[in-house]
Amino acid sequence: MTTTDQWIPSTCGLCYGTCSIRGHRVDDVLVKIEGNPESAIGRGRLCGKGVSGIMTLYDPNRVNVPLRRTNPVKGKGVDPGWQEISWDEALDEITARLRKIHDDDPRKLFIQRTTTNTSIRAPMMMFAAAFGTPNSWAAGGGLHCGNGAHLIGGIYHASWSLVPDFQHCRFAIYFGASKGHGAGHVSCTNMQDAADARARGMRLVVVDPMANFAAAKANEWVPIRPGTDAAMALAMVNVILNDLGVWDAEYLAHKTNAPYLIGPDGCYVRDAETRKPLVWDAARGHAVRYDTPDAAALALEGEYEVAGVRARPAFVLLREHVRQFTPEWAEGISTVSAAMIRRLAREFAAEAMVGSTIVLDGKRLPYRPVAAIYFRGSQGHKNSVYNCFAIELLNEIVGAADVVGGALGFNPVCYGHPETGKPWYEPKPGPDGLMITGTWVAPHLPYPIADPKPPTTMSLGGLFPLGMFGPTMASSDQEELWTKFGLPYRPEMMLNYGANSLLSVGNSDTVAATLARIPFIVSFDITLTEFSEFADIVLPDTCYLESLDSRPNVPFIFNHPAGLGEWSWPIRQPVVPPAGQRRLATDVLVELVDRLGIREEFNAVANTHLKLDGSHRLEFGTRYGYEEICDRELKSHFGAARGLAWFKEHGVISWPKRVEEVYWRAFLGVRVPIYWEFLIGLNRNAKRIANAHGLDWDDVWYDPLPRWLPCPSHEVRDGAFDLWGFYYRDTLHTNSFTNENPWLDEASRLDPFSYTIALNAATGRTKGLRDGQEVTLESPHGRRVRGRVHLTETVHPECVGIGGCAGHWAKTLPIAQGKGVMFNDLLEVDWAHGSPVNLNLDTCVKLRIVP
Amino acid sequence: MPEIQLKLMGSLGRLAGERETRLLVDEGATVRDLLTLLAERYGPEFAGAIFRAPGEVHTYLRAFLDERDAELGDRVAREGGAPAAVAVLIVPGFEGGSR
Amino acid sequence: MRYGMAIDLKRCVGCYGCQLSCKAEHGTPPGVLFARVLKREFGTFPNTQLVYLPTLCFHCTSAPCVDVCPTGASHYREGGVVDVTTDDCVGCRACMQACPYGARFFNETQTGYFPGQGLTPYEERRYSKENVGVVMKCNFCIDRVKAGLEPACVANCAARARTFGDLDDPQSEVAQLVRLRGGEQLQPELGTHPNVYYLPPA
Chain A
1 MTTTDQWIPS TCGLCYGTCS IRGHRVDDVL VKIEGNPESA IGRGRLCGKG
51 VSGIMTLYDP NRVNVPLRRT NPVKGKGVDP GWQEISWDEA LDEITARLRK
101 IHDDDPRKLF IQRTTTNTSI RAPMMMFAAA FGTPNSWAAG GGLHCGNGAH
151 LIGGIYHASW SLVPDFQHCR FAIYFGASKG HGAGHVSCTN MQDAADARAR
201 GMRLVVVDPM ANFAAAKANE WVPIRPGTDA AMALAMVNVI LNDLGVWDAE
251 YLAHKTNAPY LIGPDGCYVR DAETRKPLVW DAARGHAVRY DTPDAAALAL
301 EGEYEVAGVR ARPAFVLLRE HVRQFTPEWA EGISTVSAAM IRRLAREFAA
351 EAMVGSTIVL DGKRLPYRPV AAIYFRGSQG HKNSVYNCFA IELLNEIVGA
401 ADVVGGALGF NPVCYGHPET GKPWYEPKPG PDGLMITGTW VAPHLPYPIA
451 DPKPPTTMSL GGLFPLGMFG PTMASSDQEE LWTKFGLPYR PEMMLNYGAN
501 SLLSVGNSDT VAATLARIPF IVSFDITLTE FSEFADIVLP DTCYLESLDS
551 RPNVPFIFNH PAGLGEWSWP IRQPVVPPAG QRRLATDVLV ELVDRLGIRE
601 EFNAVANTHL KLDGSHRLEF GTRYGYEEIC DRELKSHFGA ARGLAWFKEH
651 GVISWPKRVE EVYWRAFLGV RVPIYWEFLI GLNRNAKRIA NAHGLDWDDV
701 WYDPLPRWLP CPSHEVRDGA FDLWGFYYRD TLHTNSFTNE NPWLDEASRL
751 DPFSYTIALN AATGRTKGLR DGQEVTLESP HGRRVRGRVH LTETVHPECV
801 GIGGCAGHWA KTLPIAQGKG VMFNDLLEVD WAHGSPVNLN LDTCVKLRIV
851 P
Chain B
852 MPEIQLKLMG SLGRLAGERE TRLLVDEGAT VRDLLTLLAE RYGPEFAGAI
902 FRAPGEVHTY LRAFLDERDA ELGDRVAREG GAPAAVAVLI VPGFEGGSR
Chain C
951 MRYGMAIDLK RCVGCYGCQL SCKAEHGTPP GVLFARVLKR EFGTFPNTQL
1001 VYLPTLCFHC TSAPCVDVCP TGASHYREGG VVDVTTDDCV GCRACMQACP
1051 YGARFFNETQ TGYFPGQGLT PYEERRYSKE NVGVVMKCNF CIDRVKAGLE
1101 PACVANCAAR ARTFGDLDDP QSEVAQLVRL RGGEQLQPEL GTHPNVYYLP
1151 PA
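If you're matching them up, the sequences are chains A, B and C in order.
Position 293 of the first sequence, counting from 1, maps to 293 under the numbering used here, and the rest follow consecutively.
Add 851 to a position in the second sequence, counting from 1, and you land on the number used in the numbering used here.
Add 950 to a position in the third sequence, counting from 1, and you land on the number used in the numbering used here.
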């Protein structure tokens, strides 16, 4: 017998970073996973998760056949009584139910997916659009991590997230972010780039309640009370603008709406004819439209009589607005000392080197080697919009956005492969000259925002056009709110891909009650989870090592490395063939499309979404398998010779990035808002609709300029609840998915933090606790979780930090069962804990320790 | 007046109450004119799905003329021959979904 | 020729890539971890630092584990690499007592990572009966090194914190790093002369 020995290029699927890998297959067995050195995504190196995927592939607890429940009773811990059925039986029943819903009201289909595996995002969204349901979400995904951070990333950087320009930045300040420290989008390349930046001498200050990961590698850790980032950032903005008098006038005048004239009503003063906002041209001595080509002396200061009203540039309003946010005021809220805030503001302003330039590739470019980076920590709050907005203002006022050394969006501009010019996208000016992203990921663009209207979706999104996903998809008060707004339907069926929403959203009792009300649930899964207890049919999915996808790192704004270097477009392909009756979920979706007779719709969506071109477009009436669609997408971008066959052999195509792509800000005529004038009209219109439906409204969330607003946890008056609880991303795990991997579990059991409750050592001693002691944490709402405390110096004395999303109880996950702590079980999921502007869920909670 | 063959895809078919219809349009009518016509024909909820704000078409609305991408200013009617096939679809604003 | 490693504590971010790529490379059974990531706290709040400390066998020049081995199974091989000849190991575990760094592991039984569920196809292929009842340890991936590759933990380190090479060659990258960055051995006072050096975190 001959042995076959192959290295097969593919893509990791253990987090949404999706680094490029090579699987070593000997005969039919996968014996090793390594990074693919030919790809910029990971550059041949992987984190602990990435090399451990073998144990996910070969988990004996994988589902191998379609299953149907026999027990009609659904509940946590209730055995569904699984019965094996054939694929045909499963798809016949699913098709019949989907067809009935499609004919009746497609909105009754609720689509849910995980964020762990990126390959399902596009197919699921395409299926939802073709089917005609707007009710689709990424379970806890958007609620926790993205409604604010990604929205602000989109508005200011035309990108999903941002990083410091690791190659040129000299001073970065992270607010609840860990880019470059072992997890998340682009984790492996960022680890290398961040390590290079440290070696080069980039100063890193990390503002965070806990000194792990990023803060562990920082030059300075600034412990902060959870949910108060906006207070500190606004005080820094105040010091920079009003005490130091530092700002980048050139950038503000031409790249933001800082010069736009604001009338007494807070709105833009507009040109009577074109309705375009006006700016004051000091050279002409009168107001002109913001896009007047030769207007070079746009005023940022002063007060002017324009069109019969007194008007001031937005920048004046910003400077005046932030005067109230003194460092002393911020200290009282955030616990960060006023002296520290002043010093950091001074350092940030000085290091920005406003006015300096650098020559790269023969082009003189602005050089602003500072970056303020926000992510999950600062964003995971009711006030996520203003937290991120306030921090972003630090970049904006000194002009450190997408210029050399500054805060870079992940790849907002791409001019394509040199041979084909594809993929191609760039931001463009939208209404009032403000930037529209060139490409995006979520269901609606960050800007322009739609007029609010009476909500007709489960998430109430129509009324909250800034939100991406809303808690009412799984909240305790969803029925009350849907009734209030007269939602004309209820979810009748859920199609779930891999999400374990029992663990990922909030407390599991609330989520369980919402799932139990959905009459029929179909779930694509690789194992049975806590979620499966609510499913009616489970379909055996291929795991990432058995899967095909032409676009694991597309769009590049999501999980492709930022900064100079190379572009890489890899594919995912099976490293081993699927075992049992497992089927690629995307193939099953395409089959459902045909069974349902929505092929024309699906093909139309695919042409648009995948940007299929020329002869590679899908004809509306023709059936294509998923492989064929992948092939056409690759050929559309890289030419007829580079289809799926080429990519299966080569794994990845790479080409160099251009200075104009990475440091695009100087080259493109788009502006971003330092003053969110559009919130005024949004507030007025949304409030009218809300009030008409009996929903209380508070204007404070809709001010065009940011302020610190308390989380519900800041308003708990009962002193017995003396700790703030938060969770953090553990580098060993992604969501709740990887807890079942025994290699990662073994590492977690040996790690002092992974499965424990981190408590400040002095606080613990005051409470008479010893390291390793088992305790119960209790919320003011009576939610409880149990776990072992780890006494540490690395956490704020007022806080407890819990890693990851563990605490599984399903017997079908024997490795994960009973390990770690499910922080989310402490969280309320209801209107009061969501943001009334972007629907973000608050993820910090007041707690007390009960022995 | 020239005739077109209209297909309302995805959620638009539900909002309109019909997925396919034949429609008479003005000589020289553009995609934008057609959308305005459809908004009047099918009522405010349909209009709200097409227009982001009064007069402003949603960035994620896509129109196809004989299966090709159409811009808002493109003329929908064909000179002579069979009626042009016009399909209108909402592709949520992700990746290629925005105009 | 003296193989050695420099581990840059400034670059390491504690991602566990070394610990787990080592496991994947060698197919080590549960509880056997040639490479580890330890976390150590220094200082008191708020002037505290959490240091990620990746460890492995230090391939000491005066290795107490080799000294105490009654059968000669533990031995030095090319480049000073400390290794165990499985056939000669009687499983007395004296070497484990002698090693001050906890770098040796006794593999008691042939159990897999899914207890009670048999071995996975990977484990079937990678586990070897010869490894049961004997001591296992890191050998600097000597087979990889002989094939011109870096040790697995080095090749995979995303933060590029690990550098491997010949410490006897003053021009080698590893020797230069140790010299220029002030590399330090762990517990040099024990007189074991480890060939793994740590570059300072700050």
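Note that beta-carbon positions come from the ideal geometry of N, C-alpha and C, so glycine has one too.
Taking C-alpha atoms, which residue in the options lies nearest to residue i?
i         : options                                    : result
A:Thr133  : A:Ile111, A:Ala149, A:Asn117, A:Ala640     : A:Ile111
A:His609  : A:Leu847, A:Val554, A:Pro577, A:Pro578     : A:Val554
C:Phe1055 : C:Tyr1072, C:Gly1041, C:Gly1062            : C:Gly1041
C:Cys1045 : C:Tyr1063, C:Leu1003, C:Val1084, C:Val1095 : C:Val1084
A:Thr812  : A:Ala474, A:Asp59, A:Ser159                : A:Asp59
A:Thr116  : A:Thr18, A:Glu628, A:Pro454                : A:Thr18
A:Tyr367  : A:Gln167, A:Pro427, A:Val441               : A:Gln167
A:Ser654  : A:Lys422, A:Phe348, A:Ile333               : A:Lys422
A:Val403  : A:Lys276, A:Pro369, A:Pro418               : A:Pro369
A:Arg551  : A:Pro123, A:Ala231, A:Trp697, A:Phe520     : A:Pro123
A:Arg342  : A:Ile397, A:Pro427, A:Ala233, A:Leu618     : A:Ala233
A:Ala350  : A:Pro673, A:Asp243, A:Tyr728               : A:Asp243
So that I know if they touch, is there some Cβ in chain B lying closer than 9 Å to that of residue i?
i        : result
A:Val593 : no
A:Pro106 : yes
A:Glu600 : yes
Since residue i meets chain B, which of its residues come closer than 9 Å, beta carbon to beta carbon?
i        : result
A:Glu619 : Glu918
Given that residue i touches chain A, what residues does it touch there, using C-beta distances under 7 Å?
i         : result
C:Leu970  : Gly48, Val51, Ser52, Trp743, Ala747
C:Cys965  : Cys47, Gly48, Gly182, Met191, Thr731
C:Pro1071 : Val29, Tyr58
C:Pro980  : Glu746
List, in chain order, every chain A residue whose beta-carbon is nearer than 9 Å to that of residue i.
i         : result
B:Ala880  : Correct list: empty, because the minimum Cβ distance to chain A is about 21 Å.
C:Arg1129 : None at all; the shortest Cβ gap to chain A is about 16 Å.
Taking Cβ-Cβ distances shorter than 8 Å, what residues in chain D pair up with residue i?
i       : result
A:Glu34 : No chain D appears in the structure shown, which is made up of the protein chains A, B and C.
Is there a C-beta anywhere in chain C that falls below 9 Å from the one on residue i?
i        : result
A:Trp221 : yes
A:Cys188 : yes
A:Lys217 : yes
A:His560 : no
At a CB-CB cut-off below 7 Å, which residues of chain C make contact with residue i?
i        : result
A:Thr792 : Glu991
A:Asn212 : Leu1000
A:Ala287 : The premise fails here: A:Ala287 is roughly 51 Å from chain C at the closest Cβ pair, so nothing lies under 7 Å.
A:Asn553 : Chain C residues near A:Asn553: none, gap ~17 Å exceeds 7 Å.
Beta-carbon of residue i versus every beta-carbon of chain A: anything under 9 Å?
i         : result
B:Met852  : no
C:Phe1064 : yes
C:Gln1137 : no
C:Phe995  : yes
B:Gly894  : no
B:Thr872  : no
B:Gly899  : yes
At a CB-CB cut-off below 7 Å, which residues of chain B make contact with residue i?
i        : result
A:Leu839 : Here the premise fails: no neighbours, minimum Cβ distance about 16 Å.
Would you call the region 795-811 of chain A and the region 714-731 of chain A in contact, with 3 or more CB pairs under 8 Å? yes
Quick test of the definition: if touching needs 3 or more C-beta pairs under 8 Å, does the region 553-571 of chain A touch the region 36-56 of chain A? yes
At what residue ranges does the region 760-846 of chain A contain a whole run of the beta strand (DSSP E), taking only runs of 3 or more? 774-778, 784-792, 799-803
Check whether the region 400-410 of chain A touches the region 856-867 of chain B, taking contact to mean three or more Cβ pairs, one atom from each stretch, closer than 8 Å. no
At 3 residues or longer, what runs of the beta strand (DSSP E) sit wholly inside the region 693-745 of chain A? Runs of the beta strand (DSSP E) inside the region 693-745 of chain A: 723-728.
Give a yes or no on contact between the region 461-471 of chain A and the region 136-146 of chain A, applying the rule of three or more CB pairs nearer than 8 Å. A contact exists between the region 461-471 of chain A and the region 136-146 of chain A.
Does the count of Cβ pairs from the region 1126-1137 of chain C and the region 209-222 of chain A closer than 8 Å reach three? no
Segments assigned alpha helix (DSSP H), at least 4 residues, entirely inside the region 533-617 of chain A: 556-559, 585-596, 599-609
Does the region 1098-1109 of chain C come within contact of the region 82-95 of chain A, defined as at least 3 CB pairs closer than 8 Å? no
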